[in-house]
Amino acid sequence: MFFRSCKYILAAGVLLAIAAQAGNAAIPCADGKRYYDLARKAGAQQDFEKAVQWLDKSVEACDSYAAWHLLGTAYQKQRKLKESLNAYEHAVEHADTTDEAAVSLARYGQVLALNGQRFEALATLDRAIERHSNPPSWMRENARQLDHSLVDTPISGESIKRSLSSQEFGLLSINTVAGRKLADGEAEKTRVRIPINYKLDSTELDAQTSDNIEELGKVLASEDYQGRTFTLVGHTDVRGSWQHNLGLSERRAEAVRDTLVQQYPTLEARLEVKGAGEAKPKYLGEDLPEADHRLNRRLEVYVN
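The numbering of the sequence shown is numbering that gives the first Met the number 0, which starts it at 0 and goes up by one.
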């Protein structure tokens, strides 16, 4: 379903419609604005190759968020994924507001998914949602569909490492957003985004994701993270009492810690545990499909 949705995004509208997501962001010079407007007209006629040519002229005349974002979209519609990723990355760096940066980051995540990098794509979409003051529905729905698509997908240690690397050294590590440096403690911690979910009202992992613990342990115990410490945070769905869920979530994190230490003894003094209870569900509400409740019953791992 996620890939059908992405295909729809690529084929269904026109460049002019998606350009509105760049808002009416200012183009800081007359020539850049003129080329940008010509690119929008070309996009409205489905001539994305011509749109790219005008947008190249626009960013050459004066760097702007709006032109870079639209260039990413024009390349995305032509399925020139490498070029699209590069343009969206420039858009994030030139964003004037955190919301603008989040929108381009989410589009970057969509392109990663189209490129087959679904695990990294979900990490990017999650970060975009966290940064946006009021995430639009398309952003949340793309993340949700991708989240569900990964339920039965084995996760390799290399995928985990690539996701961590992108958060610590790549686009997700950028600490200047919307023209300001993030304050101490404001920057997002590096997070291992890996499907690890629990059976209902239990500390036992479900069958779909139990094998992911071994891959997680390999990464945490590897030389790449030698000497680093990690925080395991357990979560529950929203059913049950607050106090019960708080205790259950901590026991879930403790159970994973015990399993990891048994398999990788070098991690014994490097794992902290916390329980978040039902306080931070990925999906809100009690009347959810069981598949969404299941994704709320999860473990998160933070790199300290």
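All residues carry an ideal CB built from backbone N, CA and C; glycine is no exception.
If you're wondering where the values come from, they're calculated on a predicted model, not measured in any experiment.
Here's the rule I'm using: 16 or more other beta-carbon atoms within 10 Å means buried, otherwise exposed. How should residue i be labelled?
i	result
S132	exposed
N141	buried
W53	buried
D125	buried
G42	buried
A338	As shown, the chain starts at 0 and ends at 303. That puts residue 338 outside it, with no answer to give.
S136	exposed
S221	exposed
G115	exposed
P288	exposed
E285	exposed
E59	exposed
Q242	exposed
Q109	buried
D183	In this prediction, D183 scores a pLDDT of 40, lower than 50, which makes its location untrustworthy; the coordinate-derived value is nonetheless stated afterwards. Burial call: exposed.
S240	exposed
A101	buried
P194	buried
G226	exposed
L231	buried
P280	buried
R192	buried
Q75	buried
E48	exposed
R251	buried
Check each candidate in the options and name the one with the smallest Cα separation from residue i.
i	options	result
G31	H292, A66 and R161	A66
E157	A105, D223, Q207 and I195	D223
T97	E129, Y74, T123 and A86	E129
R139	K188, T152 and A122	A122
G246	S164, T72, K188 and A278	A278
T189	A25, Y301 and K76	Y301
G216	G226, E249, C28 and T258	T258
N196	I159, V255 and E92	V255
Y107	A90, T230 and A275	A90
S103	K281, T72, A25 and Q45	T72
E249	Q225, G226, V260 and G276	G276
R33	E271, L266, D55 and E213	D55
L149	I159, S164, R117 and K160	R117
R39	Y263, C61, H68 and P27	H68
Rounded C-beta distance between residue i and residue j? I'm assuming under 8 Å.
i	j	result
S83	E119	Rounded, the Cβ-Cβ distance is 15 Å, inconsistent with contact.
N303	T208	At roughly 23 Å, the Cβ-Cβ gap does not stay under 8 Å, so N303 and T208 are not in contact.
A105	A127	4 Å
Q262	E213	7 Å
(request) For the segment 185 to 260, list the alpha helix (DSSP H) runs that are entirely contained and at least 4 residues long, ordered along the chain. (result) Secondary structure within the segment 185 to 260: the alpha helix (DSSP H) runs of 4 or more consecutive residues, fully enclosed, are 211 to 219 (chain order).
(request) Tell me, please, whether the segment 132 to 145 touches the segment 200 to 210 by the rule of three or more beta-carbon pairs shorter than 8 Å. (result) The segment 132 to 145 is not in contact with the segment 200 to 210.
(message) For the pair the segment 231 to 238 and the segment 283 to 295, tell me if three or more CB-CB distances fall below 8 Å.
(response) Contact between the segment 231 to 238 and the segment 283 to 295 is present, because at least three Cβ pairs lie under 8 Å.
(request) Mind listing, in chain order, the continuous alpha helix (DSSP H) runs of no fewer than 4 residues lying wholly within the segment 73 to 159? (result) Whole alpha helix (DSSP H) segments, 4+ residues: 80 to 93, 97 to 113, 117 to 130 and 136 to 148.
(request) For the segment 17 to 63, list the beta strand (DSSP E) runs that are entirely contained and at least 3 residues long, ordered along the chain. (result) For the segment 17 to 63, not a single whole beta strand (DSSP E) run of length 3 or above is found.
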